[in-house]
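Engineer: Chains H and A are the protein sequences, given in the same order.
Using the numbering used here, you'd call the opening residue of the first sequence number 2 and step up by one each time.
Using the numbering used here, you'd call the opening residue of the second sequence number 92 and step up by one each time.
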Amino acid sequence: MNLFQAEEHARRWPAFNPKSEQGFISLVDLAGFFGTESRRHMLDGNYLSTWYPRRGVERREYFERIGKTTPFWLGTPDPEEKS
Amino acid sequence: MPDQALMDRMFTRIMRGLVDSGTAPHYAELARALGLSVEDGRRLLHDVMQAYPIGWLHPETDYIASFPPLNSLPTQYRVTVRGEQRWFAQCGFEATSVTWLFPGETIRIDAPCLDCGDPLALEMRDGAITWVDPPGIVGHLNYGFGASRGRNWFL
């Protein structure tokens with residue numbers, strides 16, 4: 002999960018995964034993804050027990066809001082991938 | 092069954108330790124702070140890391156390497172606060188959430204582009220991006236989320 006100067010720079014990266022064409026995200030969307038409610042409580046005394054478990058739902062809701070609904074982003078099984 | 096309240100306390104100690112110094116505390120230090128024996132502290136650390144699997148211990152050790160959004164092991168994502176570059180983010184994505192550990196402060200993230208090595212920089216304050224250079228910086232997820240992807244998900 003890296004930052005690049007632009008998309009073409011990521012594609013030129015020797016470790017670029019050809020299957021990751023859908024893996025680009027704007028900086029604004031990234032900041033939004035990492036700015037959901039639970040993230041604002043990382044210094045709270047009950048973060049691990051109370052806030053961290055909420056991140057999965059937040060993540061899914063956020064990705065759906067910005068249109069990233071593929072298994073690649075949601076972390077769900079990909080029917081096109083063989084096990 | 093690990094004591095949840097104690098796990099919360101250890102988690103907070105680790106996170107606060109990273110915020111205060113840029114490096115994660117050792118389990119013996121955590122044990123003393125929590126009133127535990129050293130060995131109980133080590134065991135509790137493993138329980139905490141199991142409950143927070145997006146972080147990890149350095150392989151074959153009990154040293155905290157990564158405790159996102161920050162990393163005790165240096166990465167290319169350098170974080171500067173109040174003019175001091177003391178912190179590292181776990182990855183480029185987590186770098187954008189470091190802002191929440193320093194409320195009311197401007198944080199700066201510097202990293203080289205992995206293609207050309209040119210510097211990338213951004214500043215954030217309370218979750219908002221306040222400055223980016225160059226303006227076209229993008230995030231890239233090289234392997235999809237989910238354990239089934241079978242590769243280091245942080246790459």
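The C-beta atom is built at its ideal place from N, Cα and C for all residues, glycine as well.
Given the structure is predicted, the values throughout are model-derived calculations rather than measurements.
Helix, strand or coil, according to DSSP, for tryptophan 14(H) in the structure here?
Structural biologist: Secondary structure at tryptophan 14(H): coil, using DSSP grouped into helix, strand and coil.
Engineer: Do isoleucine 155(A) and isoleucine 247(A) count as a contact pair if the criterion is CB distance below 9 Å?
Structural biologist: No information on residue 247(A) is available, as it lies outside the stretch 92 to 246 that chain A covers here.
Engineer: Just the Cα atoms here: how many angstroms apart are leucine 136(A) and arginine 100(A)?
Structural biologist: 11 Å
Engineer: Would you give the residue range spanned by the alpha helix (DSSP H) that isoleucine 105(A) belongs to?
Structural biologist: 95-112
Engineer: The alpha helix (DSSP H) that contains methionine 140(A), what's its start and end?
Structural biologist: 129-142
Engineer: Interface residues of chain A around arginine 55(H) at Cβ under 9 Å?
Structural biologist: Neighbours of arginine 55(H) on chain A: none; closest Cβ ~14 Å, over 9 Å.
Engineer: Closest Cβ-Cβ distance between isoleucine 198(A) and chain H: below 9 Å?
Structural biologist: no
Engineer: Any idea what DSSP makes of leucine 125(A), helix, strand or coil?
Structural biologist: helix
Engineer: Under 9 Å between C-beta atoms, does proline 80(H) make it to chain A?
Structural biologist: False, the Cβ-Cβ gap to chain A never drops below 9 Å.
Engineer: Whose C-alpha, out of Arg55(H), Phe73(H), Lys20(H), Asn3(H), is nearest the C-alpha of arginine 40(H)?
Structural biologist: For the residues Arg55(H), Phe73(H), Lys20(H), Asn3(H), the minimum Cα distance to arginine 40(H) belongs to Arg55(H).
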